[in-house]
Amino acid sequence: MINTAYVLPTYRRQGIASLLLASTEAKCRAWGATGIHLGFIEGNVAAEAAYRKAGYMTTRRSMLRSLD
1465 MINTAYVLPT YRRQGIASLL LASTEAKCRA WGATGIHLGF IEGNVAAEAA
1515 YRKAGYMTTR RSMLRSLD
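All letters in the sequence shown, in the order written, are residues 1465 to 1532 by the working numbering.
Printed below as a string of structure tokens:
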């Protein structure tokens, strides 16, 4: 399981996130996986756009309430 992937602002818009995602997908295929579930923080427009461009689609939404 990968918990977090992040590209520093200086290195964005260079295809690095796409390469990381493609590499992860290739490794998952090699392990026999048939799909990938990923999540991102609501409002992260750049992440959503990158995932959609890579062929991912929204399948569910979740909600959280702090009990503090």
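For each residue, glycine too, the CB sits at the ideal point set by N, CA and C.
Being a predicted model, the structure only gives us computed values, none of them experimental.
Short Cβ contact (7 Å threshold) for residue i with residue j
| i | j | result |
| --- | --- | --- |
| Leu1484 | Ala1497 | no |
| Val1471 | Ala1486 | no |
| Ala1511 | Phe1504 | yes |
Local conformation of residue i per DSSP, three classes
| i | result |
| --- | --- |
| Ser1487 | helix |
| Thr1522 | coil |
| Ile1505 | coil |
| Tyr1470 | coil |
Bounding residues of the alpha helix (DSSP H) (the contiguous stretch that carries residue i)
| i | result |
| --- | --- |
| Arg1516 | Val1509 to Lys1517 |
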